[in-house]
Amino acid sequence: MWEPIANLEETERQDKLSSAKQREAGCWEKFYAVIICAFVASTGLFHGYDNGVVNGVFTMVSFREMMGWPATESASVAFWEGLTVNGFNLGAAVAAVLAGHLLVDRHGRHPALLMGSLLFALGGGLQGSAQNRAMLIVGRVVAGIGVGITSSAGPAFISEVAPEKIRGMLVGIYQNNVCLAIVAAAVLNYAVHDTALGWRLSLGIQVAMGLLVVLGLFFVCETPRFLETAGRSSEALAVLTRLRAGDREAALQELKEVQVELESEREAGEATWSEVFTTPFFRHVVIIGCIIQFCQIMTGINAIVSFSGTLFKSLGLHGITFAIIPFVAFAAGNAVGSFVLVDRVGRRPLLLLGMVAMSAAMLVGGAVALLAQDPETGHIDKVSGYTIVSMIVMYMFSFGISWGYGAWLYISEIMPLRVRGKAVGLCTAMNWGPANILSAFVTPQMISSPLGPGGTLIFFGCVCFVVIPFVATCVPETKGKTLEEIVPLFRFSGWRGFRAFARANLR
Numbered sequence: 002m003w004e005p006i007a008n009l010e011e012t013e014r015q016d017k018l019s020s021a022k023q024r025e026a027g028c029w030e031k032f033y034a035v036i037i038c039a040f041v042a043s044t045g046l047f048h049g050y051d052n053g054v055v056n057g058v059f060t061m062v063s064f065r066e067m068m069g070w071p072a073t074e075s076a077s078v079a080f081w082e083g084l085t086v087n088g089f090n091l092g093a094a095v096a097a098v099l100a101g102h103l104l105v106d107r108h109g110r111h112p113a114l115l116m117g118s119l120l121f122a123l124g125g126g127l128q129g130s131a132q133n134r135a136m137l138i139v140g141r142v143v144a145g146i147g148v149g150i151t152s153s154a155g156p157a158f159i160s161e162v163a164p165e166k167i168r169g170m171l172v173g174i175y176q177n178n179v180c181l182a183i184v185a186a187a188v189l190n191y192a193v194h195d196t197a198l199g200w201r202l203s204l205g206i207q208v209a210m211g212l213l214v215v216l217g218l219f220f221v222c223e224t225p226r227f228l229e230t231a232g233r234s235s236e237a238l239a240v241l242t243r244l245r246a247g248d249r250e251a252a253l254q255e256l257k258e259v260q261v262e263l264e265s266e267r268e269a270g271e272a273t274w275s276e277v278f279t280t281p282f283f284r285h286v287v288i289i290g291c292i293i294q295f296c297q298i299m300t301g302i303n304a305i306v307s308f309s310g311t312l313f314k315s316l317g318l319h320g321i322t323f324a325i326i327p328f329v330a331f332a333a334g335n336a337v338g339s340f341v342l343v344d345r346v347g348r349r350p351l352l353l354l355g356m357v358a359m360s361a362a363m364l365v366g367g368a369v370a371l372l373a374q375d376p377e378t379g380h381i382d383k384v385s386g387y388t389i390v391s392m393i394v395m396y397m398f399s400f401g402i403s404w405g406y407g408a409w410l411y412i413s414e415i416m417p418l419r420v421r422g423k424a425v426g427l428c429t430a431m432n433w434g435p436a437n438i439l440s441a442f443v444t445p446q447m448i449s450s451p452l453g454p455g456g457t458l459i460f461f462g463c464v465c466f467v468v469i470p471f472v473a474t475c476v477p478e479t480k481g482k483t484l485e486e487i488v489p490l491f492r493f494s495g496w497r498g499f500r501a502f503a504r505a506n507l508r
């Protein structure tokens with residue numbers, strides 16, 4: 002248990018001295034919270050880089066020779082490509098689910114970030130020095146475990162440390178770093194594509210990324226919320242005072258609010274797994290959340306992030322434009338959506354219109370590829386090539402502006418307090434596990450099959466099209482609503498209740 006609020010109030014006699022110190026605080030102290038949040042958000046680079054780097058590596062001649070893969074795509078190569086990508090997904094899926102309860106909540110956000118960064122560096126080292134397929138895949142799994150841990154601990158750290166007025170922006174930096182790292186991976190892959198050790202450099206640079214974060218974490222504190230949960234109230238107040246630029250009065254008030262919130266959580270208790278699945282209301286929210294996370298991946302984003310290099314190569318498209326522009330569009334869309342539109346337009350319009358645009362882009366791009374591709378060489382003319390790339394750019398921008406951050410934001414807002422831990426864990430597992438793994442295996446198989454690149458794009462365009470009515474009927478708006486206002490939106494029973502729920506969302 003934490004210290005009573007009354008005990009903390011004894012410290013209020015130091016407020017005047019604290020205010021004087023605050024006025025004298027230097028730039029570092031004034032922006033300490035922002036600086037460390039921005040630094041912790043750099044763990045988002047792990048997620049984006051390791052997820053995106055294999056895209057270009059798969060097309061490097063030196064890498065394919067080392068792995069014993071032929072220059073052309075085949076069913077066997079497609080299988081190993083899927084397995085390589087899924088090593089990362091599997092490690093991340095297991096870690097993301099287990100890390101939240103066993104590591105982040107029990108031992109703290111700081112130790113979790115430290116362990117995740119070390120594992121990411123170790124995984125990068127194994128990949129960069131791989132002598133065979135098995136060593137490469139083991140490295141992918143280890144790096145995935147590291148990313149699974151940091152993807153759980155990083156956003157939690159930022160949300161608990163960031164000043165309330167800029168919390169959304171700082172959390173958004175994490176997701177933007179995911180996008181920027183994908184762009185960085187594409188640029189580096191392009192620069193070293195034709196060198197003998199290019200793939201080892203692209204994969205091995207993860208060691209430096211992980212170790213730099215490890216070193217920086219020695220200057221980062223634990224979150225006040227975790228310290229309070231652990232019963233270390235005096236330490237929590239000291240840390241929070243520093244995070245609020247020495248304003249002890251503001252820190253004390255914020256810590257009181259944290260204590261009230263923790264007390265409410267303790268009184269509410271945590272639902273059992275049985276309640277999650279047998280209570281209709283909890284079940285509805287969890288199912289909708291899991292479908293949203295499944296759709297985020299199965300609408301084609303990882304097919305582009307991990308296999309666009311293979312797809313473009315199959316169409317005979319080469320060059321910096323094809324390698325980088327789609328990912329720049331992704332990063333730009335994510336920044337516009339998370340920083341500008343989501344709190345003005347709302348979650349539902351962005352998720353709905355974003356999916357419409359994604360479906361149109363994939364269907365048009367796939368149709369052009371099917372019609373323009375030479376049946377003998379597999380290549381296409383320049384105009385058709387730029388048309389396909391423009392459609393993929395449209396898809397990536399549309400995804401970034403809507404579903405890239407929107408899916409995670411939405412499930413965090415709709416989950417009731419009693420099932421939040423278990424429900425978010427299930428949704429995260431759906432995203433990292435079935436969705437990512439299925440996408441990673443299906444995509445290279447389709448590209449190397451008679452469907453080809455055009456059929457692959459049309460497949461994902463059709464998936465996007467099917468998701469549109471789901472969003473229209475099952476995703477109510479949450480913008481500007483408290484949890485108490487959101488909860489009743491999902492309370493319905495039976496088929497009649499669902500029809501009323503769907504009709505209400507269509508109005």
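Under this note's numbering, think of the first position of the sequence shown as 2, with each following residue one higher. Ideal Cβ placement from N, Cα and C applies to all residues, glycine included. Bear in mind the structure is a predicted one, so any value in this text is a computation, not a measurement.
At a Cβ-Cβ threshold of 8 Å, Gly-126 and Val-179 do not count as neighbours. Judged by DSSP in its simplified three-state form, Ser-403 adopts coil rather than helix or strand. Distance from the Cα of Val-148 is smallest, within the candidate group Asn-56, Val-420, Met-116 and Ser-160, for Met-116.
Sequence-distant partners of Ala-72 (beyond 5 residues in either direction) whose C-beta falls short of 8 Å from its own C-beta, in its chain, are Val-62 and Arg-65.
Straight across, the Cα-Cα distance linking Leu-316 with Phe-460 is about 17 Å.
At a Cβ-Cβ threshold of 8 Å, Ala-237 and Leu-244 do not count as neighbours.
Residue environment: Phe-219 is assigned as exposed (fewer than 16 neighbouring CB atoms within 10 Å of its CB, all protein chains considered). Looking at Trp-70, Gly-69 and Val-98, the one whose alpha-carbon comes closest to that of Cys-428 is Val-98. Our two residues, Gly-495 and Val-172, have alpha carbons roughly 37 Å apart in a direct line. Taking the CA atoms as reference points, Ile-36 sits about 18 Å from Ala-239. Cβ contact annotation for Val-215 (same chain, cutoff 8 Å, sequence separation greater than five): Leu-115, Ser-118, Leu-119 and Ala-122, in chain order.
Cβ-Cβ distances below 6 Å link Val-54 to Ala-186 and Ser-203 in the same chain, with the five nearest sequence neighbours on each side left out; the list follows chain order. In the three-state reduction of the DSSP assignment, Phe-493 falls in the coil class, being assigned neither a helical nor a strand state. Inter-residue distance for Phe-80 and Asn-90 is about 15 Å (C-alpha atoms, whole angstroms).
In the DSSP assignment, Ala-209 falls within the alpha helix (DSSP H) that extends over 199–218.
For Cys-428, the uninterrupted alpha helix (DSSP H) segment begins and ends at 421–431. Counting the other CB atoms within 10 Å of its CB gives Asp-51 a total of 16 or more, which places it among the buried residues.
A residue is called buried when at least 16 other Cβ atoms come within 10 angstroms of its Cβ; Ala-135 does not meet this threshold and is exposed. Spatial neighbours of Leu-490 in its own chain (CB-CB distance under 7 Å, excluding positions within 5 residues in sequence) are listed in chain order as Pro-477. Gln-176 and Val-420 have their C-alpha atoms spaced approximately 25 Å apart. Under the Cβ criterion (8 Å, minimum of three pairs), the stretch 437–455 counts as touching the stretch 294–311. Counted as a single uninterrupted DSSP element, the alpha helix (DSSP H) harbouring Met-447 occupies residues 437–449.
Val-468 and Cys-296 have their C-alpha atoms some 7 Å from each other.
The residues Ala-237, Val-240 and Leu-241, in chain order, have a CB closer than 6 Å to that of Pro-225 in the same chain once the five nearest residues on each side in sequence are set aside. Distances from the CA of Met-431 to each of Ala-94, Phe-398 and Leu-212 were compared; the closest alpha carbon is that of Ala-94. Within the same chain, Val-58, Met-61, Ser-63 and Phe-64 come within 7 Å of Trp-200 by CB-CB distance, once the 5 residues on both sides are set aside. It is roughly 28 Å from the alpha-carbon of Ser-77 to the alpha-carbon of Ile-206.
Below 8 Å, enough C-beta pairs join the stretch 391–400 and the stretch 361–370 to call them touching: three or more.
Residue range 45–58 is occupied by the alpha helix (DSSP H) that includes Asn-56. For Glu-161 and Gly-290, the gap between their C-alpha atoms comes out near 23 Å.
In terms of Cα proximity to Arg-492, the closest of Ala-436, Val-286 and Ile-292 is Val-286. Arg-284 sits in a helix when the DSSP states are folded into three classes. Leaving aside the five residues that flank Ala-251 on each side, the residues in its chain whose CB is nearer than 7 Å to its CB run, in chain order, Arg-245. Cys-38 is positioned such that its CB atom lies no closer than 8 Å to that of Ala-182.
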